[in-house]
Ligand code: PLP
């Protein structure tokens, strides 16, 4: 409907998925503390355990492997510690960070700075596996973990987690995978990815904000050094009375994702491809970032030369269109994207990068209207540039 807002920023956060609100509201009525032995406590405990089963099903692991946290940021901070042990692994010496990781990984890890190596991306936005091989040579006998996301939040580029895991495992290392953007769009089961540890966020998949999960898929591993110590909840890995409503909603969103994921991926890919075809028809010189790599079906990161994202976003917002420039977590303070920088995108072009990300509620009509709004705003800006240059 003309005049209605169009929300195309699902990679920043998604509206509640169908059925989630009801589950959250019902869980808010649970009076018990999940640690209490009485009936009220057992009901609260039951809600958490159902959610654990639902999240575990999305990842294809036993529910025992799932630890609930306040979100993916907390899970990343918890997982990225040198204190990971297992058979033949008495802690980690080195963390290899893929260059496109989210700030919760790049800044949230708990390794000393001289224990960190950086693995670059290719110009198509995927981890450079040859560079990873060289870094592993350089690391020699050191015990290494690689932090590699399933898919990038800015470009949607799907990362070669399985290939990287084979390389890491071949040298006694492990892979810690941020599956936040992938889990509800592509198969991010622990088996498919081959990752040892994974983490997830509720609000990206249509659950409430404030819940996430750490999954230690490799049952032989143990993560030491929990950050929240206290009452021993979550098997001692994450103390504190659980946010039952958020966790229950997260479970419902995970179950919903598993049901609709494949159909939605197909539908959203068609919409995204139509959007990009529309961009190319209007501006043949438009750059689509990561187009040479497999990408999430819902994401398009693009730039039209000579325009800046900051002004475009404000003008588009006034037109009723919610898009993003780079990662939403860093929007507000607009700074150049470390992801595009690692892909060797020229700084002038990177400054104009916009991200459109679709979701389950997106319609074909919205995509058409989004293209029109972008067309109106871009033509106006180009005309203004021509006038000021004259
Ligand atoms: N990882 C990726 C790839 C993300 O896109 C985000 C959020 O933008 C996060 C991690 C952090 O998730 P949360 O908001 O649950 O802390």
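Residue numbers (our numbering): 3 to 392.
The beta carbon of each residue, even a glycine, is placed where N, CA and C say it ideally should be.
Does residue 240 get closer than 8 Å to chain D when you measure Cβ to Cβ?
-> Checking the listed chains, one finds no chain D in this structure; it contains a single protein chain.
What is the rounded straight-line gap between the Cα of residue 291 and the Cα of residue 339?
-> 12 Å
Please classify residue 11: is it buried, with 16 or more other beta-carbons within 10 angstroms of its beta-carbon, or exposed?
-> buried
For residue 106, does the three-state DSSP call read helix, strand or coil?
-> helix
Among 353, 268, 56, which residue has its Cα nearest to the Cα of residue 65?
-> The residue with the shortest Cα to Cα distance from residue 65 is 56.
Let me know the beta strand (DSSP E) ranges lying completely inside the segment 48-121, each 3 residues or longer, listed in chain order.
-> DSSP runs (the beta strand (DSSP E)) wholly in the segment 48-121: 68-71, 86-88, 96-100, 118-121.
Which partner residues of residue 201 appear in the DSSP bridge assignment?
-> In DSSP, residue 201 forms a bridge with 180, 216.
Indicate whether the contact test is met: 3 or more Cβ pairs, each with one atom in the segment 219-234 and one in the segment 20-33, closer than 8 Å.
-> no
Any idea what DSSP makes of residue 194, helix, strand or coil?
-> helix
So what does DSSP say about residue 341, is it helix, strand or coil?
-> helix
Touch test, the segment 292-311 against the segment 151-159, Cβ-Cβ under 8 Å, three pairs minimum = yes
Starting from residue 207, follow its DSSP beta bridges and name the residues at the other end.
-> Looking at the DSSP assignment, residue 207 forms no beta bridge with any residue, so it has no partner.
Return the CA-CA distance between residue 240 and residue 216, expressed in angstroms with no decimal places.
-> Spanning the alpha carbons of residue 240 and residue 216 requires a straight line of approximately 10 Å.
Contact check, residue 187 vs residue 298, beta carbons under 8 Å | yes
Pairwise C-alpha distance: residue 379 and residue 301 = 21 Å
Is there contact here, the segment 106-124 with the segment 78-95, by at least three beta-carbon pairs under 8 Å?
-> yes
Do you know how far the Cα of residue 104 is from the Cα of residue 327?
-> Spanning the alpha carbons of residue 327 and residue 104 requires a straight line of approximately 14 Å.
With DSSP as the reference, label residue 189 as helix, strand or coil.
-> Per DSSP, reduced to three states, the secondary structure at residue 189 is coil, with no helix or strand assignment.
Report yes if the C-beta of residue 27 is less than 7 Å from at least one heavy atom of ligand 1; otherwise report no.
-> Of the heavy atoms belonging to ligand 1, none sits nearer than 7 Å to the Cβ of residue 27.
Look up residue 146 in the DSSP assignment and give the residues it is bridged to.
-> 96
Report all residues from its chain with a CB closer than 6 Å to the CB of residue 329; omit the five preceding and five following residues, and keep chain order.
-> Caution is warranted here: a pLDDT of 45 is assigned to residue 329, below 50, making its placement in the model unreliable, and the coordinate value is therefore given only provisionally. 155, 156, listed in sequence order.
Check: residue 104 C-beta below 7 Å from any heavy atom of ligand 1 = yes
Roughly how many whole angstroms lie between the Cα atoms of residue 181 and residue 102?
-> 13 Å
Please check the pair residue 357 and residue 13, which I expect to be a contact at CB under 8 Å, by giving their CB distance rounded to whole angstroms.
-> 7 Å
C-alpha gap between residue 282 and residue 254, whole angstroms = Within the model, the alpha-carbon separation for residue 282 versus residue 254 is close to 38 Å.
With DSSP collapsed to three states, give me the class of residue 303.
-> strand
Could you tell me whether any non-hydrogen atom of ligand 1 is closer than 7 Å to the CB of residue 247?
-> no
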